[in-house]
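To keep things clear, I will list the structure first and then write my remarks on it.
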Amino acid sequence: MGTWGTAIFSDDLASDIKLEFKNKIGFGKTPTEATEELLKDYAEEINDNDESSVFWLSLAATQWSLGRLLQNVQENALEIIKSGKDLERWKDDERDHKKRKIVLEKLKSQLLSEPPKPKKISKPFIRETIMEEGDIISYQLKNEKFIILKVIEIRQDQCGDRYPLIETLDFYENRIPKLSELKDVTLKNLDENGGIDDGFLKIKSSGQFYLSSYGKRDSEPIERIKVLDKKVNVISRKGTTPLFWWKDFDNRIIEAFENKNATQQNL
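See below:
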């Protein structure tokens, strides 16, 4: 988890708590049910001396802003502020310590004030996929060419989103190939300029990528997806794995295959 500022939600964990609580309410959970689920999901963080304060403070701030502040959450957050426990994390930087103290005093005043009326929370958009680990898939591009994708795994995050980790084979034709034709086909790296090399850390691109819907209007184009084979052996490769959106995928593929300098790798 990372922290990039002294604000309550300038923290990965705090941002996750805010999003997940809101999503659970959107799915029809009561504040108590949503809180109990978070307590189970984040039991390890709650038992951590530093992260426990982040959990309770962010949850209290979120519940108050949504008009759903539970008494036990309020009490935990106020006790953390009173004890100075959270400020211990900032003691090595006097400037940030002062800024965080102001943030906590503001939150304390907020939590002791009358919360707003409960806000209506819309059901969140959840990304879904018809793909399964080990699938070999033909995908028809908007230019009517076909490419071949191999599904390495399906990732599911705590918000319920499911999307595949994929690699692309070096096949770009006006037809769907026979499986026997794919036996010796190499990997096509769509992220040839990816990886990390900042002078301190050097990590090559894995040649694999996550592929997901950007939003409600960018759903997985299932009408252009055909499963050719299932449960084939797959390998999760070391290296960076970028996230691509379906809305940009066709253009990215066409550019990669029609660029003669695009990288190919042996499987």
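Those letters in the sequence shown? Residues 0 to 266, per numbering that gives the first Met the number 0, in order.
Even glycine gets a Cβ: it sits at the ideal position worked out from N, Cα and C.
Remember, it's a predicted structure, so these values are computed and weren't measured experimentally.
Only counting the same chain, and skipping five residues up and downstream in sequence, which positions put a Cβ closer than 8 Å to that of residue i?
i: threonine 240; result: Leu164, Ser205, Gln207, Phe208 and Tyr209
i: leucine 103; result: Leu56, Ile80, Asp85 and Leu86
i: lysine 23; result: Glu32, Ala33, Glu36 and Leu37
i: isoleucine 153; result: Thr128, Met130, Glu131, Glu132, Arg161, Tyr162, Pro163 and Leu164
i: serine 121; result: Gly25
i: tryptophan 245; result: Leu210, Ser211, Ser212, Tyr213, Asp217, Ser218, Glu219 and Pro220
Under a Cβ-count criterion, where at least 16 other Cβ atoms within 10 Å of its own Cβ denotes burial, should residue i be classed as buried or exposed?
i: arginine 99; result: buried
i: lysine 215; result: exposed
i: serine 108; result: exposed
i: asparagine 48; result: exposed
i: glutamine 62; result: buried
i: serine 52; result: buried
i: isoleucine 7; result: buried
i: glutamate 19; result: buried
i: isoleucine 234; result: exposed
i: isoleucine 146; result: buried
i: leucine 111; result: exposed
i: leucine 178; result: exposed
i: asparagine 260; result: With a pLDDT of 44 at asparagine 260, under the threshold of 50, the modelled position of that residue is not reliable, and the figure given next carries that caveat. Result: exposed.
Within its chain, find whatever has a CB closer than 7 Å to the CB of residue i; leave out the 5 residues flanking it on each side and keep chain order.
i: arginine 251; result: Leu189 and Phe243
i: serine 9; result: Thr2 and Trp3
i: glutamate 113; result: none
i: glutamine 264; result: Residue confidence for glutamine 264 is low, a pLDDT of 47 falling below 50, so the modelled location carries little weight; the figure read from the coordinates is stated next. The answer, listed in chain order, is Thr185, Leu186, Asn188 and Gly206.
i: lysine 237; result: Ser205
i: glutamine 157; result: Glu19 and Asp40
i: arginine 88; result: Asp49
i: leucine 266; result: Low confidence applies to leucine 266: its pLDDT is 41, below 50, so where it sits in the model is not reliable enough to give any reading.
i: asparagine 142; result: Ile253
For residue i and residue j, which I take to be in contact (beta-carbon distance under 8 Å), what is that distance rounded to the nearest angstrom?
i: lysine 28; j: leucine 65; result: Incorrect: roughly 12 Å between the Cβ atoms, too far for contact.
i: isoleucine 125; j: valine 226; result: That pair is no contact at about 22 Å.
i: leucine 140; j: threonine 167; result: Wrong, their Cβ atoms sit about 12 Å apart, outside the cutoff.
i: alanine 76; j: lysine 187; result: About 51 Å separates the two Cβ atoms, so there is no contact after all.
i: tyrosine 138; j: isoleucine 224; result: 6 Å
i: leucine 69; j: proline 117; result: So it is not a contact: roughly 12 Å between Cβ atoms.
Quick one: give me the first and last residue of the alpha helix (DSSP H) that residue i is part of.
i: tryptophan 244; result: Looking at the DSSP string, tryptophan 244 is not in any alpha helix (DSSP H); the run it does join, the beta strand (DSSP E), is 242-244.
i: glutamate 74; result: 70-82
i: glutamate 15; result: Before going on, a small fix: residue 15 reads as aspartate here, not glutamate. From DSSP, the alpha helix (DSSP H) with aspartate 15 extends over 11-25.
i: valine 53; result: 50-64
i: valine 233; result: Taken as a continuous stretch (DSSP letters only), valine 233 belongs to no alpha helix (DSSP H), as it is neither H nor E.
i: lysine 215; result: Segment: none, lysine 215 is in no alpha helix (DSSP H) and carries neither H nor E.
i: lysine 301; result: This structure cannot settle anything about residue 301, because the visible part of the chain is limited to 0 through 266.
i: leucine 38; result: 30-40
Return the first residue and the last residue of the beta strand (DSSP E) that residue i is part of.
i: proline 163; result: 161-172
i: leucine 210; result: 207-211
i: lysine 225; result: 224-228
i: glutamine 155; result: 145-155
i: isoleucine 135; result: 135-139
Apart from the five residues just before and just after residue i, which ones in its own chain have a Cβ nearer than 6 Å to its Cβ?
i: proline 115; result: Gly66
i: serine 211; result: Arg126 and Tyr162
i: threonine 5; result: Asp95, Lys98, Arg99 and Val102
i: isoleucine 221; result: Ile129
i: glutamate 44; result: Glu50 and Phe54
Margin query: Across the segment 1-15 and the segment 56-72, are there enough close Cβ pairs to call them in contact, namely three or more that are closer than 8 Å?
Written below: yes
Checklist line | Meets three-Cβ-pair contact criterion under 8 Å: the segment 169-181 and the segment 122-132 | finding: Not touching, per the Cβ criterion.
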